[in-house]
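Undergrad: Here you go, one structure.
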Amino acid sequence: MKFYYISTNNSYPQNRHLIDGLRENGHVVSEVEEKSLGFGKYLKIAKNFWPQRHSYDSIIVGFTSPHFVPIMRLISSKRIIYNGAFSQYEANIVSRSISKKFSIRAIVWWLKDFISFLMSSKILLESNHQIDYIHRLFFVSRKKMFRAWAGVNEKEFFLDKGIEKNKKITILFRGRFLPESGVLTVIKAAKLLENMDVDFLIIGHGFLYREFNKLMEELKPKNINVISEKTSADELRKEMLSCHISLGQLGDQERLSRTLPCKLFESLALELPYLTGRNAGALELLRENETCIAVKPASPEELAEKILYLKKNPQVLERVAKQGHALYKEKLTSKQLAKDFTDNVFGILKIID
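Right, here's the structure in full:
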């Protein structure tokens, strides 16, 4: 099959793994990135696509690009698959709280999602819980939606046994400081373990940086190293591989009942034991004490206790790491995810048609 793949950024893992996986399975993918601002970008898209509109079997609109669905629907009668993962309303209003739920700005975000879901032939979402949420909030038929795990960019995140682990057990937190991240819980847990020969590495920045800096200044934990500047993918991979445990989302936030962070998939790909808050989103894919370790959300005491237990029982870490990596190799490689995409999405579309 031949696909036209358009988004604002094809390097996002939700886009990259699908593009690469489709190619691995023998499909042809034409990549288009359109980062221009203003209305002119839609004219540019139409001008570039129109001469080749009959060349493709399907159009895929990529992650974070709901505004491209309407223009592609206007200029093409081909099937449009929207790789949404989740709603942008959820990301901006529910997670980041950039506006109140019934503000004009929130309504605009809701309408963008609603129109993109309405005009899509098929929608890829990150979990079954996310499908339930989109069905309720945007009145989308369940028949249009399909669960598609996020995957990783395999050129950036791959297992390398040549990277040595740090001599002292090191707990990794990597990601943006969003409310659901639980990064403040990590700081408090680190303080509890300050004299227990346990180090923490925090790689990230973002939304809660003021709260993060304030708590760091207040508690002054001596066992946390922070990398806040942007690092290359190669540097990030090596830093992650040098650690012993990778922390997932540890906050107590409603969104975690349906979302799975990219670092979950990265950790499995790197054979890092994944320690997450006990939430429905992550546990839709993972099994506690088999492919992950789980703790009560937003509990620095339980997190610290669990880390101490794992430090004293390295065989548990090794078992969970290996079983998590085996799950990745079986179900989450780019090639396998792309095969699931074509088997499920186009099979279902034929039934609908």
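Residues in the sequence shown are numbered consecutively from 67, following our numbering. Ideal Cβ positions, reconstructed from N, Cα and C, are used throughout, including at glycine.
(1) By how many angstroms is the C-alpha of PHE239 removed from the C-alpha of VAL249?
(2) Do LYS234 and ASP263 have their C-beta atoms closer together than 8 Å?
(3) How many whole angstroms separate the CB atoms of ALA172 and LYS166, which I take to be in contact at a CB cut-off of 8 Å?
(4) Run through DSSP, which three-state label would PHE212 get?
(5) Any idea what DSSP makes of LYS416, helix, strand or coil?
(6) PHE273 and PHE224 look like a contact to me (Cβ under 8 Å); what is the Cβ gap, rounded to whole Å?
(7) In three-state DSSP terms, what is ALA364?
(8) List the DSSP bridge partners of ASP265.
(9) In terms of residue numbering, what span does the alpha helix (DSSP H) encompassing ARG82 cover?
(10) What residue range is occupied by the uninterrupted alpha helix (DSSP H) comprising THR251?
(11) Look up LYS167 in the DSSP assignment and give the residues it is bridged to.
(12) Could you spell out the range, first to last residue, of the alpha helix (DSSP H) harbouring ALA151?
(13) Below 6 Å CB to CB, which residues in the same chain sit around TYR70 once its five sequence neighbours on both sides are set aside?
(14) By the three-class DSSP mapping on this structure, what secondary structure does LEU341 have?
(15) Measuring straight from C-alpha to C-alpha, what distance separates THR408 and SER187?
(16) Taking the beta strand (DSSP E) that GLU99 falls in, what are its first and last residues?
(17) VAL411 by DSSP, collapsed to three states: which one?
(18) Just to confirm the assignment, what range does the beta strand (DSSP E) spanning LEU351 have?
(19) Kindly indicate the opening and closing residues of the alpha helix (DSSP H) around PHE331.
(20) Using a Cβ-Cβ cutoff of less than 7 Å, which residues in the same chain neighbour ALA112 once the five nearest sequence positions on both sides are dropped?
(21) Just mark TRP176 as buried or exposed, buried being the case when its beta carbon has 16 or more other beta carbons within 10 Å.
(22) For GLY87, which option in SER400, GLY217, LEU281 and PHE412 has the closest C-alpha, if you only look at C-alpha atoms?
(23) Which same chain residues end up closer than 7 Å to ILE85 when comparing Cβ atoms and leaving out the 5 residues on each side of it in sequence?
TA: Based on what the coordinates show:
(1) 8 Å
(2) yes
(3) 7 Å
(4) strand
(5) Because the pLDDT of LYS416 is 47, which lies under 50, any placement of that residue in the model is unreliable, and the number read from its coordinates should be weighed accordingly. Helix, per DSSP.
(6) Rounded, the Cβ-Cβ distance is 29 Å, inconsistent with contact.
(7) coil
(8) THR236
(9) Where ARG82 is concerned, the enclosing alpha helix (DSSP H) stretches over 79-90.
(10) In the DSSP annotation of this structure, the continuous segment of the alpha helix (DSSP H) that includes THR251 starts and ends at 249-258.
(11) Bridge partners of LYS167: none, in fact.
(12) It is not in any alpha helix (DSSP H) - ALA151 instead sits in the beta strand (DSSP E) that spans 145-151.
(13) So the list reads SER96, TYR122 and ILE125, once near-sequence residues are dropped.
(14) strand
(15) 14 Å
(16) 94-99
(17) helix
(18) Careful: LEU351 lies outside any beta strand (DSSP E) and carries neither H nor E.
(19) 328-335
(20) ILE137 and ILE141
(21) By the C-beta density criterion, TRP176 is buried, having at least 16 other C-beta atoms within 10 angstroms.
(22) Nearest to GLY87 by C-alpha distance, out of SER400, GLY217, LEU281 and PHE412, is SER400.
(23) TYR71, ASN76, VAL95 and GLU97
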